[in-house]
Structure formats: structure tokens, C-alpha cells
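Asker: Heads up: the sequence lines are chains U and H, in that order.
To convert a position in the first sequence, counted from 1, into my numbering, add 1.
To convert a position in the second sequence, counted from 1, into my numbering, add 1.
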Amino acid sequence: MAVKEFEKPELKEFTEVPKLENEATSHLAPFKSKEEFQSTLGYPGELVDNWEDAALDKMGDLLKKYRSLRVYLDSCIQCGACTDKCHYYLGTKDPSNMPVGRQNLLRSVYRRYFTLPGKYFPKLVGAIDLTKEVLDEWYSYYHQCSQCRRCAVFCPMGIDTAEISMAAREIMDSIGVGQKYCNEIIGKVHKIGNNLGLPEPALADTLEGLEEDVVDETEIDVKYPLDQKDSDVLLVTPSADFFAEPHVDGLIGYGKVFHQAGISWTLSSHASEAANFGMFIGSYANMRKLALRIREAALDLNVKRIVFGECGHAWRVAYSFLNTLAGPFDFLDPKYPVPQHICEVTYDLIQKKVLEFDKSANDDMVITYHDSCNVARASNMGDIIGGQFSIPRDIIKATSNHFYDMEESTIKEKTFCCGGGGGLLTDDLMELRMKGALPRMEALKRVVDDYGVTHMAAICAICKSQFSKALGYYGFEMDRIISLHQLVGNALIMNKKEL
Amino acid sequence: MSLVTIIYGSLFYFATLILFIGLAYRVYEYASIPAPLKIPTPPAPKTKKGVAVRLFREVVLFESLFHSAKWTWLFGWLFHFALLLAFFRHLRYVTDPVWFWVSWEIVQAAGHYAAYMMLIGLFGLFARRVFVDRVRHISAPSDYLILVLIIGIALSGLLMKWFPTDIFALKQFFLGLIYFNWSELPSDFMLLIHLGLVLLLMIIFPYSKLLHAPGLFFSPTRNQTDTARDSRHIADWARKLES
Ligand code: SF4
Ligand code: SF4
């Protein structure tokens, strides 16, 4: 689908906080999920009859299950400190895309039905009835949040709008209003094992083809094994890694790392997907079900370690939730954290001097690094505070000669979302995606102008896909987004003895 | 016993009950709702001690706010710090004998000048609400009214310098409330306004955004340790899914 016509934001030298434009993107909403996708996930196929009551019941239920939701709905002081922090507000100018504006869509209904002042003095405290218009607003604006948590870092109360978006999406799913993109994909994973709906034989074919390519290029017989029992490592990676550029170059890199380090590893056809869209729709049950596939695969293949490939939200679910959702993992080797990130593995091997690099292999690139939100703000690496920032950068510096960070207020815990996270990487939200990419593109432009940066590395499948579109849209060259492990694969010095 | 004394005395009992029971109930509610997943924001501490340090910095310095909105931080911090100083000064009305440090000249003087500081902070916050379009957009009537209410408290308190009351009798009134041995409240106009507004604030506290005070301590993004890989963090309702 082509990008529909809409006014293209201008790249400015510094990101400006725009004047409000009421309802600037109220027309945006993703396609709704059809009945078949809803029912696979255990949700009603269409808007249920008594949806108001059902929605309020669900809200009441979630208020008892999630402390975050309850505390955050109560504690906002409406101070406005978050109002200029969301990339979607900066890109669309719509006040409902200010984090607190987004929260207030749910909060005003919460106040009306769950608090004393809202019951008796609704006007005074900005409480409103739940109507069809309100539901439509929810659907629109809770699908204009990439759950990136930038607002949560800046809020004096730590209010995390992602928690509220997730709750809103779960409420909507429970009354039959689901989002097509996410729910269709979750259904595919439940049924086939990955987001792309790629069955085992096709996957095996793809990996074989990949092995041939690598042999052609390097004359080294690097293996990309599938379902190999008793391997040391089970690698779980986003299915985009299996063929799309620039993702696949990352997968090639992981294979080279394992090969060179002599670590036996395998992919799994049962858990051929790292992504877990259950998080995006706020569904603990679906998220857990998807996570359990990984546990099953690890048991079945009798591996010792679980390692995740480059994927932002997958790493969040893996690092922060997997142990809780699908643990305990006491059947794995206790010497290693469960799970590990491929960057942790590579970094350790670099420290131990197992991997050595010819940095000049990447001399054709001047590199910057995009911190993906879910890695930066919802996980860690290396069990050192800030390891999720330093480890990827240290790997880039170990494998290349030219690295420049973007401006401090746009990286690390303050990083700007790519604009396509949180279940929004769908063509029906292209306008939002392009506008939401604006702050990142502006920061990128500055390092391109100042340091001659040519490539941006990332460790997230969603970021990579989103940037493949956004870079072109904003006049950069499209192929300037690369996988971090592409740099590793390029520069790794491989012993050729095995051929 | 004058009617004014009876009304204010009863209201103080009522407001105190609402404030303390209301807050205790909220804290109980927050504490009993599980946080089923680890969601701390960076830089997330690995230890409980680290969490204590983080919360201390948030509560005392408003660290996150400092990084996000400097003016709001300045006015907000001035206001809250002044509130603390004013609170210390007022302890002399309810402690007998007065706690030694409360009677220190510096504590009393600071408490007095705090009123000005508080007003600067409050007017700053009010101006931000009116003049910054983004903040104006999110403001409900209650957001302005709470500011007006607290400005009223600070202003009426300050004005009592020029409309003085019998502070010995006032102290007897409060001690009488505490020890259930009531005595007359001086019925000076400015005092009654000041106390009336304080009563209102106490009553709305557990039902308003003033809940941010206990809320901050229960904010999972700020009060959790980053130890998700080390141990499971499973809520009771989630454990039921496992059987
Ligand atoms: S920064 Fe936090 S407390 Fe302030 S308005 Fe935003 S969400 Fe509310
Ligand atoms: S989580 Fe990210 S996308 Fe959502 S409101 Fe906050 S800053 Fe915006």
C-alpha cells in the first residue's frame, strides 16, 4: 500500500514543541480485527450488546490486577511535564497524543464510574460518561501510542502511559473491538509458530539458502541449524531475521559468532518467533501462551541456554517477563542468565578475546546507534546498570572505526521511538508512523550533517522495518539502517580451517 | 461553648477522620493490588537499598521533574518545600510542651517566610496552567481550584500577621481537641477562613489528585528492583493460570 497523502512534516534543525492542533489525527485508526482473529485469542468477534457495562467490568477487573493502572489513574497531578515528551505529539501536534492527554481519555471514564467526586461532580474533575464517541477515541488514540515509555522516564510520578494503553487495548478486545494487525499476528504464532506464518519446511529451506549464501561469500561453512537437539544454545529471534533486509544480515552475524566461538546452537520451528505481540494488546494470558512456546522448545531440544536475537519488545518480554511468565528455568545451565541477549553473548566473547575483528571491514560506514525503546527503557544487559546502553555501543566500537552518538536528549533512556513500535507497524497507520518518526529523523539529520554519519545501527526488528520506510520518506537513503550484528559479521575474523 | 467552636471542633474531628482513614484505606488498596510484572524504568536499581535511594531523590529533589520541566520543577519544589517549613512552624500549636526544635527561632522564622515562597511557587504553577497551551489543555476546573484553595490557605495564614488572633487560646483549642477537653476557639475572621480552607483541603485529600503523595511510593516504575532474571515475580492471580 502506498503512503497516503498527508502533509509531510519538515525536518528542523532542532525538534520544536508544536502548538496544539485539536483532533489533528483523530481520523487515524488501524483496521479492526475480524471475527476469526478475535475468537482465536478468546475475544468476542464484534462489539458486544451491553458493551458499556462489559467495558466497565473489565476496567474494574484490571484495576484489581494491576497496581500500575490504579496508582497511575489516581496519581497524575496534571503537571504537564510529559506533554512535550511523546514523539507522536511532536510529530502530529494532536493534544490527545500528549501522554497525559492520552491517559486522560481513560482517566476521565475511570473518574466517572470509580471515584466519588467523578460520580457527583463530573464536570468539576473532568469526568465523562462512556459513550460510543469515547470508545472511538480510545480506539484511535490508544493505537497512536507505541508503548515506548519515554513519558514514564520524565514523569515525576513515574506514570507509564504504556500501562494505560495496554489496559485500554485489553478492555477493547474484551468487548470485541480488536486491532487487526496485532491479533492476526498473534493468531499466526499460536497456530504456526511465527509472525510471518512461515511453516517448518519453508523455514528449513530459507536457512539452507542462507547457509549457501554465507559459504559463497566467505568460503566458510557456517551453519544455521533448525531443531537440532542437544545444542548448547536455543536462539529465539524475530522472524523478520529469516529473510528481510537488513534483518537477515543480523542473523548471518549471530551464526558467525556462534561458529567462531564454537558454541553449538539451534533455531526452533516451534518457537520460531521472538516477538510477543501479547504485550502490545496488554493481554497477560496471550503473552504467557506465546512465552510458553519458548519454554517448550527449550525442553524439547534439550538445550542449556536461551539466547534472544535482535528484537526490542521481544527482549523486554524476555528479560523482564519470561522468567515470570514461563519460568522457572532450572533445567538450563545455571552459569548463564536466562535468557541472554545475543549482544551479551557477543560482548562476553569479545571480553574473553574469543572474537577478534578487522575493524577496517566496516570502514565504508560512519555509524550511529538508535536505542530501541524497549531495550533502553524496559530491560537491561549484562546485569550492570546502564548495560543496555553501553554493551551495544561497545560492540560497535569493537567492530568499526567510526562511531558517533546522536544528541544526548535523544538517546539512551531518553531515546525517541522509531515511530512504529507497540503494534503500530502496519500500513494502515502509515501517516502516524511517518509523523512519529520525526524527532528521531531530526536527531539523525544532525549527526549526518555534523559528522557525515552514513548508517544507523539498531537491535530491533520493528525499528529496522520502520526506518526502512521512514528514512526514504524523509529523504535519506533507505538502506542506511543496519543490524548491529551485521557490523559484527562483517568484521569478525573467521578461521577458515574447517573447509 | 460558642457555636463557632462547636462547628469547627466537630469539623476538625470529621476532617481528621476522613484524611487519615481515607489515606490509610488508599494505602491499603494500593498495597494489596499486585504488580504482576517487572516494569522499572532506567536507571533501575538492582537492590532494595537502591530503590530507597531512588525514591528519596524523587521525593526530596523531584529528580525526574527536574529533567523534564525546569520551571514546573522550580515552582513545584518551592511550593512543597515551603509547605514542609510551614508545617514545622505550625507544630507549636499542637505540641505541649512545644518540641524543642519547633521553638527554635530559625524554624519559626523559616516557617513565616515560607508563606512567601509558597505563594511564589503556587502563582508560578497557576501561571503555567493558564499560559502554556499544553498545560491549559489538560487542566480541569479542579486543577485550578486546588491551586486556588492552597493559595487561599497560604494567603489567609500570611494575613494573620496583620489580623492577629489570640494564639494562646488557639493552642488551647487544638490541645482541647486532642485531649477531648474542648476550649473556645477565638472567632477572628481571618483565622476562621484559614482554618476553614485547611479543613476543606483535608477532606478532599483522599479523593483527589493529592493522592500523588502516597501514589509515588507505589509507582512500580520507580519502586521496583531490576531483578527479573534472578527470580520469578508472579502475582497470585497469574499463578492461577499455571494450574
Ligand atoms: S508528567 Fe506525569 S503527573 Fe505530570 S501530567 Fe504527565 S503523567 Fe501527569
Ligand atoms: S508511551 Fe511513548 S508513545 Fe505512548 S504516550 Fe508515552 S511517549 Fe507517547
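Cβ coordinates follow ideal geometry from the N, Cα and C atoms, glycine included.
Since the model is a prediction, treat every value here as computed from it, not as a measurement.
What alpha helix (DSSP H) runs, 4 residues minimum, are completely inside the region 101–164 of chain U?
Answerer: DSSP runs (the alpha helix (DSSP H)) wholly in the region 101–164 of chain U: 117–121, 123–126, 133–142, 151–155.
Asker: Taking the beta carbon of Met280 of chain U as the centre, do at least 16 other beta carbons fall within 10 Å, making it buried, or is it exposed?
Answerer: That one is buried.
Asker: Taking 7 Å as the cut-off, is the CB of Arg151 of chain U close to at least one heavy atom of ligand 2?
Answerer: Result yes, Cβ under 7 Å from ligand 2.
Asker: Exposed or buried, what is Asp372 of chain U when buried is set at 16 or more other beta-carbons lying within 10 Å of its beta-carbon?
Answerer: Looking at its Cβ environment, which holds 16 or more other Cβ atoms inside 10 Å, Asp372 of chain U is buried.
Asker: Could you tell me whether any non-hydrogen atom of ligand 1 is closer than 7 Å to the CB of Met167 of chain U?
Answerer: It does not: the Cβ of Met167 of chain U is nowhere closer than 7 Å to a heavy atom of ligand 1.
Asker: Tell me, please, whether the CB atom of Thr48 of chain H is closer than 8 Å to any CB atom in chain U?
Answerer: Thr48 of chain H does not count as touching chain U.
Asker: Mind checking whether Glu171 of chain U and Gly251 of chain U have CB atoms under 8 Å apart?
Answerer: Not a contact, by the Cβ cut-off of 8 Å.
Asker: In three-state terms, what does DSSP make of Phe330 of chain U?
Answerer: Here Phe330 of chain U sits in coil by DSSP.
Asker: Taking Ala319 of chain U as the reference, which of H:Lys49, H:Ala229, H:Phe88 has the closest Cα?
Answerer: Cα-wise, what sits closest to Ala319 of chain U is H:Ala229.
Asker: May I have the straight-line CA-CA distance separating Met495 of chain U from Gln261 of chain U, to the nearest angstrom?
Answerer: Those two C-alpha atoms are separated by around 6 Å.
Asker: Check whether chain H comes within 8 Å of Asn381 of chain U, counting only Cβ atoms and requiring the distance to be less than that.
Answerer: Chain H, which has a Cβ nearer than 8 Å to the Cβ of Asn381 of chain U, makes this yes.
Asker: Can you tell me whether DSSP reads Val448 of chain U as helix, strand or coil?
Answerer: Correct three-state label for Val448 of chain U: helix.
Asker: I'd like to know whether the C-beta of Met407 of chain U is nearer than 8 Å to at least one C-beta of chain H.
Answerer: For Met407 of chain U, the answer is no, since every Cβ of chain H falls outside 8 Å of its Cβ.
Asker: Once the 5 residues before and after Val216 of chain U are set aside, which same chain residues still bring their CB inside 7 Å of it?
Answerer: Contacts found: Asp222.
Asker: Can you tell me whether DSSP reads Leu20 of chain H as helix, strand or coil?
Answerer: Helix, per DSSP.
Asker: Please report whether the beta-carbon of Phe13 of chain H lies at a distance below 8 Å from any beta-carbon of chain U.
Answerer: It does not; no Cβ of chain U falls within 8 Å.
Asker: For the beta strand (DSSP E) that His503 of chain U lies in, which residues bound it at each end?
Answerer: Since the first residue shown for chain U is 2 and the last is 500, residue 503 of chain U is missing from the structure and cannot be characterised.
Asker: Return the CA-CA distance between Leu291 of chain U and Val190 of chain U, expressed in angstroms with no decimal places.
Answerer: In a straight line, the C-alpha of Leu291 of chain U is about 7 Å away from that of Val190 of chain U.
Asker: Roughly how many angstroms separate the alpha carbons of Asn541 of chain U and Ile19 of chain H, rounded to a whole number?
Answerer: Nothing can be reported for residue 541 of chain U: it is not among the residues displayed for chain U, which extend from 2 to 500.
Asker: In chain H, what lies closer than 9 Å to Asn105 of chain U by C-beta?
Answerer: The contacting residues are Ile139, Ala141.
Asker: What is the DSSP secondary structure of Tyr370 of chain U, counted as helix, strand or coil?
Answerer: Tyr370 of chain U falls in the strand class under three-state DSSP.
Asker: Take the Cβ of Ile22 of chain H as the centre, count every other Cβ of all protein chains shown within 10 Å, and call the residue buried at 16 or more, exposed below.
Answerer: Classification for Ile22 of chain H: exposed.
Asker: Run down chain H in chain order and give the residues with a C-beta less than 8 Å from the C-beta of Leu117 of chain U.
Answerer: Correct list: Tyr208.
Asker: Measuring CB atoms only, is the region 101–111 of chain H touching the region 135–151 of chain H, in the sense that at least three cross pairs come out at less than 8 Å?
Answerer: Too few Cβ pairs lie closer than 8 Å, so no.
Asker: Using 8 Å as the cut-off, can you tell me whether the region 442–456 of chain U makes contact with the region 100–120 of chain U, which would need three or more C-beta pairs spanning the two stretches below that distance?
Answerer: Not touching, per the Cβ criterion.
Asker: In angstroms with no decimal places, state the Cα-to-Cα distance between Gly77 of chain H and Leu148 of chain H.
Answerer: Cα to Cα, Gly77 of chain H sits roughly 11 Å from Leu148 of chain H.
Asker: Let me know if Val131 of chain H comes out buried or exposed under the rule of 16 or more other beta-carbons within 10 Å of its beta-carbon.
Answerer: That one is exposed.
Asker: Given 7 Å as the limit, tell me if Pro100 of chain U has its C-beta closer than that to any heavy atom belonging to ligand 2.
Answerer: Result yes, Cβ under 7 Å from ligand 2.
Asker: Can you find at least 3 beta carbon pairs, one from the region 134–151 of chain U and one from the region 423–433 of chain U, that sit closer than 8 Å?
Answerer: With the cut-off at 8 Å, the region 134–151 of chain U and the region 423–433 of chain U touch.
Asker: Buried or exposed: where does Val489 of chain U fall if 16 or more other Cβ atoms within 10 Å of its Cβ makes it buried?
Answerer: Buried, since its Cβ has 16 or more Cβ neighbours within 10 Å.
Asker: Tell me whether Ala82 of chain U counts as near ligand 1, meaning its Cβ is closer than 7 Å to at least one heavy atom of that ligand.
Answerer: Yes, the Cβ of Ala82 of chain U comes within 7 Å of a heavy atom of ligand 1.
Asker: Could you name the residues of chain H that Leu21 of chain U contacts, counting a contact when the two beta carbons are closer than 7 Å?
Answerer: Result: Asp134, Arg135, His138.
Asker: Less than 8 Å between the CB atoms is what I'm expecting for Val237 of chain U and Val346 of chain U, so what's the real figure, rounded?
Answerer: Incorrect: roughly 13 Å between the Cβ atoms, too far for contact.
Asker: Tell me, please, whether the region 25–44 of chain H touches the region 218–225 of chain H by the rule of three or more beta-carbon pairs shorter than 8 Å.
Answerer: Counting Cβ pairs under 8 Å, three or more are found: they touch.
Asker: Report yes or no: is there a C-beta of chain U within less than 8 Å of the C-beta of Pro187 of chain H?
Answerer: It does not; no Cβ of chain U falls within 8 Å.
Asker: Do Gly421 of chain U and Arg434 of chain U count as a contact pair if the criterion is CB distance below 8 Å?
Answerer: Cβ distance < 8 Å, so Arg434 of chain U and Gly421 of chain U count as in contact.
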